[in-house]
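Working notes for the structure below.
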Amino acid sequence: MISSICKCGKIVALERKVCPYCGKTMNSVEHGNVAEILTYTKLFTVPEGFKSPIFLTLVKLENGAKLLCECKNENDLEIDRKGKVIFEKEKYYFVSTKK
Ligand SMILES: [Zn+2]
Numbered sequence: 170m171i172s173s174i175c176k177c178g179k180i181v182a183l184e185r186k187v188c189p190y191c192g193k194t195m196n197s198v199e200h201g202n203v204a205e206i207l208t209y210t211k212l213f214t215v216p217e218g219f220k221s222p223i224f225l226t227l228v229k230l231e232n233g234a235k236l237l238c239e240c241k242n243e244n245d246l247e248i249d250r251k252g253k254v255i256f257e258k259e260k261y262y263f264v265s266t267k268k
């Protein structure tokens, strides 16, 4: 995983050139893909071209950055569930490590 860190103290997921909070240049850092679910929602009405349902999940990465991704398995949808983020077919997914 890559996150971006700003001198203002904010950390955001993925690579960003400009800080969304203060507009300064950000530095990228690489780190592990450990994550936990902060919250989630199940979308049954989805945009054209998407398959319903979508399990939209907000996760907290190991450095505190937040990432909006999808969860593959409905059974993994639980607040505080621990897992990891994987990148597959151009998208980020949360996968639970505990069964
Ligand atoms: Zn900043």
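Converting from the sequence shown to this note's numbering requires adding 169 to each position, the first position being numbered 1. Even glycine gets a Cβ: it sits at the ideal position worked out from N, Cα and C.
Separation of residue j from residue i, as counted between CA atoms
i, j, result
"F224", "K253", "15 Å"
"K241", "G178", "32 Å"
"K186", "K260", "20 Å"
"G201", "L230", "8 Å"
"L246", "V228", "11 Å"
"A234", "L183", "9 Å"
Status (buried if at least 16 other CB within 10 Å, exposed otherwise) for residue i
i, result
"L212", "exposed"
"I206", "buried"
"Y190", "exposed"
"F263", "buried"
"S173", "buried"
DSSP-derived helix/strand/coil call for residue i
i, result
"N202", "coil"
"E243", "helix"
"F224", "strand"
"K193", "coil"
Spatially closest choice to residue i from the options, by CA coordinates
i, options, result
"T226", "T210, I174, P216, G233", "T210"
"K176", "A182, P222, E184, C188", "C188"
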